[in-house]
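All remarks here apply to the structure that follows.
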Amino acid sequence: MRTVRVLTAGLLAAAALFTLPFPGVAAADSPSPSASTGDEGAAPTEAGTSFRTATVIRPGQRATAQASTGDYLYWQFPADAGQRATVRATVELPRSTAGRGTRTWRLDVYDGLRRRQACRYGSDTRAVPAGASSVELSCALRTVRAWSEPWANDPLPGAYYVRLTVVTAPAEDLGEPAEAAVEVVTADSGGATAVDGRLAAPLVPVSGRDVEPDGGWASGWWSSRILWTACGAVLAALAGIWGHRLTRGGGRPAQVPPGA
Numbered sequence: 000m001r002t003v004r005v006l007t008a009g010l011l012a013a014a015a016l017f018t019l020p021f022p023g024v025a026a027a028d029s030p031s032p033s034a035s036t037g038d039e040g041a042a043p044t045e046a047g048t049s050f051r052t053a054t055v056i057r058p059g060q061r062a063t064a065q066a067s068t069g070d071y072l073y074w075q076f077p078a079d080a081g082q083r084a085t086v087r088a089t090v091e092l093p094r095s096t097a098g099r100g101t102r103t104w105r106l107d108v109y110d111g112l113r114r115r116q117a118c119r120y121g122s123d124t125r126a127v128p129a130g131a132s133s134v135e136l137s138c139a140l141r142t143v144r145a146w147s148e149p150w151a152n153d154p155l156p157g158a159y160y161v162r163l164t165v166v167t168a169p170a171e172d173l174g175e176p177a178e179a180a181v182e183v184v185t186a187d188s189g190g191a192t193a194v195d196g197r198l199a200a201p202l203v204p205v206s207g208r209d210v211e212p213d214g215g216w217a218s219g220w221w222s223s224r225i226l227w228t229a230c231g232a233v234l235a236a237l238a239g240i241w242g243h244r245l246t247r248g249g250g251r252p253a254q255v256p257p258g259a
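Numbering (numbering that gives the first Met the number 0), first residue to last: 0 to 259.
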């Protein structure tokens with residue numbers, strides 16, 4: 000019975016470890032605080048015209064800009080290891096162009112090395128039929144990895160660039176005013192996507208702009224995978240002790256004389 004009580008206490012302790020809110024551990028796809036509450040500062044009302052002049056936005060902010068059809072609009076935002084970012088953009092078109100031909104808008108996202116990142120899902124390119132007054136685009140990026148092989152195209156921690164522009168439009172539409180709005184939402188994927196190793200430093204531009212998450216960049220060594228490994232080791236040890244007690248028997252029976 001003592002063995003059973005010890006085993007039961009160990010299992011209850013291991014179960015408690017799984018439910019405690021350890022630092023850095025979050026449920027998969029749970030919104031980050033910055034995504035739910037937004038930044039304290041005002042959202043930007045303008046966009047850059049190149050990678051070097053991209054306007055910094057924070058996850059949870061809704062940045063706006065007024066431009067001309069045909070312009071390239073650039074924003075940048077921070078994404079840390081273990082995060083999944085979703086970029087959404089809305090373009091309001093002038094009524095004067097509502098009856099003209101089809102236009103195609105495109106939303107591109109680049110990492111700190113300026114490599115275009117593929118979308119897991121979403122409509123990053125959309126054709127706007129004649130008569131439409133607005134268009135919505137979105138791109139859900141893959142999970143940012145703390146470290147990657149040099150030959151891989153995995154998203155890495157650092158600054159990410161958003162580019163919004165029209166790729167095809169009637170010639171008479173070019174130069175017409177348009178209003179754009181961009182919003183970035185990040186979610187923590189948890190330890191399921193954790194990898195060994197990390198970058199020496201996040202991939203951020205040297206322009207002097209503050210492209211950094213509100214809580215700073217993660218150290219990269221901690222993940223919930225460490226917790227799961229420790230709990231698995233505890234359960235394996237308890238199972239071994241229990242199995243040993245079951246199979247070792249009760250020793251020599253009392254009625255058997257010594258030397259028999």
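We treat Cβ as the ideally placed atom computed from N, Cα and C, and that holds for glycine.
Remember, it's a predicted structure, so these values are computed and weren't measured experimentally.
**Prompt:** Does the stretch 51-58 come close enough to the stretch 70-89 to have 3 or more Cβ pairs within less than 8 Å?
**Reply:** In short, these stretches touch, since the Cβ pair count reaches three.
**Asked** Along the chain, where does the beta strand (DSSP E) that runs through residue 76 open and close?
**Response** From DSSP, the beta strand (DSSP E) with residue 76 extends over 72-78.
**Request:** Ignore the nearest five residues each way along the sequence and tell me which others in residue 85's own chain have a CB closer than 6 Å to its CB.
**Result:** Residues of the same chain with a CB within less than 6 Å of the CB of residue 85, apart from the 5 flanking positions on each side, are 139, 184 in chain order.
**Asked** According to DSSP, is residue 106 helix, strand or coil?
**Response** Correct three-state label for residue 106: strand.
**Prompt:** Would you call the stretch 118-127 and the stretch 169-179 touching, i.e. three or more CB-CB distances under 8 Å?
**Reply:** The stretch 118-127 vs the stretch 169-179: no contact.
**Identity of the residue in 110, 120, 89 nearest residue 210 by Cα** = Selected option, being the one with the closest Cα: 110.
**Message:** Out of 226, 198, 182, which one is the CA nearest neighbour of residue 63?
**Reply:** The residue with the shortest Cα to Cα distance from residue 63 is 182.
**Asked** Using the C-alpha atoms, what's the distance from residue 240 back to residue 141?
**Response** Roughly 43 Å separates the two Cα atoms.
**Message:** Quick check: what's the CA-CA separation for residue 100 versus residue 132?
**Reply:** As the crow flies, the alpha-carbon of residue 100 is around 12 Å from that of residue 132.
**Item:** Delimiting residues of the beta strand (DSSP E) encompassing residue 156
**Value:** Taken as a continuous stretch (DSSP letters only), residue 156 belongs to no beta strand (DSSP E), as it is neither H nor E.
**Reference residue 107, options 159, 238, 94, closest by Cα** = Measuring from the Cα of residue 107, the nearest candidate turns out to be 159.
**Request:** Quick one: give me the first and last residue of the beta strand (DSSP E) that residue 82 is part of.
**Result:** For residue 82, the enclosing beta strand (DSSP E) begins and ends at 82-91.
**Item:** Three-state secondary structure (DSSP) of residue 3
**Value:** Caution applies to residue 3, whose pLDDT of 43 falls short of 50 and renders its modelled position unreliable; the value that the coordinates give is listed next. Reduced to three states, the DSSP call for residue 3 is helix.
**Opening and closing residue of the beta strand (DSSP E) in which residue 126 lies** = Looking at the DSSP string, the run of the beta strand (DSSP E) that includes residue 126 is 124-127.
**For residue 237 and residue 243, the rounded distance between their alpha carbons** = Approximately 10 Å, taken between the alpha carbons.
**Request:** Count the other CB atoms, across all protein chains shown, that sit within 10 Å of the CB of residue 163; report buried if there are 16 or more and exposed otherwise.
**Result:** Note on residue 163: 16 or more other CB atoms within 10 angstroms of its CB, so buried under the neighbour-count rule.
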